[in-house]
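Heads up, the final residue of the sequence shown is numbered 1524 in our numbering, and it's a clean run with no missing numbers.
Backbone N, C-alpha and C fix where the C-beta goes; we use that ideal spot for every residue, glycine too.
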Amino acid sequence: MKHWLIALLTTITFSGVLFAQGNVSTVKGNITGEKHLYGATLSPDELDGRIVIVWDGRNVVNQMLNDIRNYEENTNSNNWKPRVTEYSSYRECERQVEDFKRSVRNAQTDGRVLVVVAVPVPDNSRERKRYNRAIRQLQIPFSVYNFESGTIAYDSRGNQAVQGGTISDVSRNAKLLDILEETPPYIKGRIFHYLTPEHEVLGKSMIEGRNIEKGYEQLKKEAEAGDDSAKTKEAVMMVATIEAYLSKRSSEIETALQSAPSLALERIAMFNRTAPTHAKKYARAFNALRRNNDVKKLAQVRNFLDEIAKGKYGPADTVRYSQMRLRSLNPLLNSKNASVVAEANALKAILEGYCEE
């Protein structure tokens, strides 16, 4: 109990509020459809409110590459089977995964822990095929993405908590066990990513996309009591978290209005469902964006990119539809609206990465 209280008193925040260094934002930036290699596809918001463990998969993948090469050289066959257990790479990967699962079994079941495997893959097409084959042969039961990272665990507020070693080492780290005890079961959109024992029901109900204002008012009244009770202290922390959330979302909307109007439209709609009183100031902008045909076209491209990230399209369709969407952006690049031009250029740069055969 002391651990989480001290942490909250010193770093009151929520999943969307990230520090300049040692936070999960770098990982989020690499969770894209383009960088997905194997396993379930993720979206960046799935990292919010969870203990995110990035497993540096280079060692096990390099071992598998060596095993495959040695097998093919010695047998003149490319039909190597992944479950031939005398090969050290598969056995090592399997052992680490089993150690990890034994240590955090309950935390995986309730969603508190999410594992992302980081494997930087060469740009050379021939080498990419070799790496992709090795990753498939390992049959890693986690999502694998193409980026470079050490093995790092981030707590549910996005702060770096454990670094170094294998995923097996991380799973036995005393600090990871501490933050597991301090992390509530995962609920997508949850605003409080720490335990709220004095307000358990209220804490679970405060979710982005649902109206939080009644609960917010209740907590403010409790926080104003001024006594030294655990309930009052927790209410003070929860109020600070909500205020940080409201400030962060407002800042994001203001930024998006200048550079990404379709994203601003999406964020205002969510903000209005969550805190309608605070979203009122964006009502005029929301109505104008909703009627704007250029913004509608930008939103279609953004939705398409979300579908790619979720694995909706195969390789050929991804290229073909990306080229179509890219053409639809061309007229927007000459818009008189600077924010439309800015978002069109940003989306164009992303689409171009998917247009290559």
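Rounded distance between the beta-carbons of residue j and residue i, thought under 8 Å
i	j	result
E1510	L1493	Contact doesn't hold; Cβ gap of about 14 Å is too wide.
I1319	V1311	I1319 to V1311, Cβ: 16 Å. No contact.
S1426	S1506	6 Å
Y1361	E1349	6 Å
N1326	G1189	6 Å
L1514	D1461	Going by Cβ atoms, the distance from L1514 to D1461 rounds to 12 Å, so no, they are not a contact pair.
First and last residue of the uninterrupted alpha helix (DSSP H) at residue i
i	result
A1274	S1255 to T1276
Q1425	A1397 to S1426
P1304	In the sequence on display, residue 1304 carries Gln and not Pro. Unbroken alpha helix (DSSP H) run through Q1304: S1292 to L1305.
D1461	N1460 to A1476
H1203	Run containing H1203: none in the alpha helix (DSSP H); it sits in the beta strand (DSSP E), H1203 to Y1205.
V1194	S1192 to G1196
V1288	No alpha helix (DSSP H) contains V1288, which DSSP labels as neither H nor E.
Y1312	Careful: Y1312 lies outside any alpha helix (DSSP H), inside the beta strand (DSSP E) at S1310 to Y1312.
T1444	P1443 to A1446
I1346	A1341 to E1349
E1384	E1380 to A1390
G1370	E1367 to S1372
D1540	Since the first residue shown for the chain is 1168 and the last is 1524, residue 1540 is missing from the structure and cannot be characterised.
Cut-off 6 Å between Cβ atoms - residues of its own chain near residue i, not counting five sequence neighbours on either side
i	result
F1438	R1416 and A1446
L1209	I1198 and S1310
R1440	G1376
R1250	Bear in mind that a pLDDT of 47 at R1250, under 50, signals an unreliable position, so the model cannot answer this.
L1430	A1423
L1465	S1429 and E1510
Q1263	T1333, I1334 and S1335
N1504	none
G1206	F1309, S1310 and V1311
Counted within 10 angstroms of its Cβ, other Cβ atoms place residue i as buried (16 or more) or exposed
i	result
R1469	buried
T1252	The predicted position of T1252 is uncertain, since its pLDDT is 46 and thus under 50; a value taken from the coordinates is nonetheless stated next. Burial call: exposed.
L1344	exposed
G1224	buried
G1183	Low per-residue confidence applies at G1183: pLDDT is 35, beneath 50, and the placement is therefore not dependable enough to give any value.
D1394	exposed
T1363	buried
A1274	buried
E1434	Note that residue 1434 is Arg in the sequence shown here, rather than Glu. Under this definition R1434 is a buried residue.
R1272	exposed
N1512	exposed
T1444	exposed
T1276	exposed
Contacting residues, own chain, Cβ-Cβ under 7 Å from residue i (five flanking each side not counted)
i	result
I1346	I1218, D1322 and A1328
G1382	L1369, S1372 and M1373
A1442	I1379, E1380 and L1413
R1458	none
G1278	R1217, P1352 and Y1353
S1270	S1338 and R1339
E1259	V1227 and Q1230
S1489	L1518, Y1521 and C1522
Selected residue, minimal CA-CA separation from residue i, among the options
i	options	result
I1334	M1231, E1261, R1297 and P1287	E1261
E1201	G1331, D1234, F1314 and R1457	F1314
I1420	Q1385, E1389, L1456 and E1213	L1456
V1286	D1266, R1236 and Q1230	Q1230
V1227	Q1306, K1355, N1504 and P1211	Q1306
R1451	N1326, A1466, L1432 and K1464	L1432
G1332	S1316, D1394 and K1195	S1316
S1502	K1477, Y1449, P1428 and R1487	P1428
L1232	Y1257, P1482 and S1192	Y1257
D1212	A1341, Y1521 and D1473	D1473
F1267	E1349, R1236, V1221 and V1507	V1221
N1497	A1516, R1357, L1204 and T1444	A1516
K1195	L1214, D1484 and V1508	L1214
R1357	L1281, E1384, R1324 and I1475	R1324
S1255	P1482, D1484 and Q1304	Q1304
Endpoints, the beta strand (DSSP E) within which residue i is located
i	result
D1484	D1484 -> not in any beta strand (DSSP E); alpha helix (DSSP H) instead, spanning P1482 to L1496.
V1282	V1280 to A1285
A1320	I1319 to Y1321
Y1521	Element bounds for Y1521: n/a, residue is neither H nor E.
V1329	Q1327 to Q1330
D1223	I1218 to D1223
Test: residue i CB closer than 8 Å to a CB of chain D
i	result
A1423	Of the protein chains in the structure, only one exists, and it is not chain D.
Neighbourhood of residue i by C-beta, 8 Å cutoff - its chain only, sequence neighbours within 5 removed
i	result
P1289	R1295 and Y1298
L1386	H1366, L1369, A1402, M1405, V1406 and I1409
K1398	E1365, H1366 and E1389
S1495	K1464, Q1467 and V1468
R1300	I1235
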